[in-house]
Structures are given as C-alpha cells and as structure tokens.
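One structure is given here, and the rest of the page talks about it.
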Amino acid sequence: LSVAALRGWGIPATFAALALVGMGVGPAASSSLLGPQSRAPWQYRGIVTSTLYSMRLLGGSLAVAALSLARGHFAAQFAIAAGLTALAALGMALAAPGLEGNVPREG
C-alpha cells in the first residue's frame, strides 16, 4: 500500500493493495476474537467481546491522533506508526498466555 502511494500508481493499485491486506487481516481478526472468547467462561463472553472491540477502537483512535501530530511529514508518520507497532508487539508478547503469571489458575 505504501509503495503504491509513494510511486503514484493510482486508485486501482491502491484497491489491490487494500484487498491483499484485507485477505491477511480478516482471518487474523476473527481468530483474535475467538481465542479470548473460548478461554472465558460462558457468563463472561460478552464482557470479553465488548472489551476487545472497545480496545481496538480506542487503539485506532489513539493511532490516528498520534499520526495527526506529523501532518504532511511522511517520514515522521512512518516513524510514529513503526513505534506504535513495536509497542503493541511488545505488549502482546508480555501478555501472551503461557508466560509465568499470565495464565489463570483453575479452581
């Protein structure tokens, strides 16, 4: 998508890039919802689902706000996006199931 925008390939290339991204993100989005839902007891699944969607929306809003700080400066926007991505990856790695203390104890 970035290459299509930088080289000025136009709208068809942009739509093709978005379709390719969607084919990768679509299955990942549903599995990232089903995983937490399957781990939660039945009576808490609504809480898990709404929390997940709320955090996605909040994260997107904060990312757009951060990117707006560097209006018109592509390199700065890229650096902000890369930093946010690294922070998110670190947060997910630290919260991953299987790490000591991250798995709820049964009974």
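Sequence positions in the sequence shown follow our numbering and run 1 to 107.
For glycine and all other residues, C-beta sits at the position ideal for the given N, C-alpha and C.
This structure is a prediction, so every number in the text was calculated from the model and none was measured.
Query - Cβ pair A66, L84 closer than 8 Å - result: What you label residue 66 is simply residue 66 of the sequence shown in a count that begins at 1. What you label residue 84 is simply residue 84 of the sequence shown in a count that begins at 1. Yes, these two residues count as a Cβ contact at 8 Å.
Query raised in the report: Near A5, what residues of its chain come up, given a Cβ to Cβ distance below 8 Å and the 5 sequence neighbours on each side ignored?
Result: The sequence position of residue 5 within the sequence shown is 5, counting from 1. So the list reads T14, once near-sequence residues are dropped.
Query - Nearest-angstrom Cβ-Cβ length linking A76 and A70, presumed shorter than 8 Å - result: Residue numbering aside, residue 76 sits at position 76 when the sequence shown is read from its first letter. Residue numbering aside, residue 70 sits at position 70 when the sequence shown is read from its first letter. A76 to A70, Cβ: 4 Å. Contact.
Requested in this report: In the DSSP assignment, find the unbroken alpha helix (DSSP H) run with A70 in it and report its ends.
Outcome: If you number the sequence shown from 1, residue 70 lands on position 70. Run containing A70: none; DSSP gives neither H nor E here.
Query raised in the report: What residue ranges within the stretch 29-99 form continuous alpha helix (DSSP H) runs of no fewer than 4 residues, ordered along the chain?
Result: Within the stretch 29-99, the complete alpha helix (DSSP H) runs of at least 4 residues are 45-68 and 74-94.
Report task. Mind reading off the beta-carbon distance from L33 to T49? Whole number of angstroms is fine, and I expect it under 8 Å. Result -> Taking the first residue of the sequence shown as 1, we reach residue 33 at position 33. Taking the first residue of the sequence shown as 1, we reach residue 49 at position 49. At roughly 7 Å, the Cβ-Cβ gap stays under 8 Å, so L33 and T49 are in contact.
Query raised in the report: Under the three-state reduction of DSSP, which class applies to G26: helix, strand or coil?
Result: Here the question's residue 26 lines up with position 26 in the sequence shown. Residue state, collapsed to three classes: helix.
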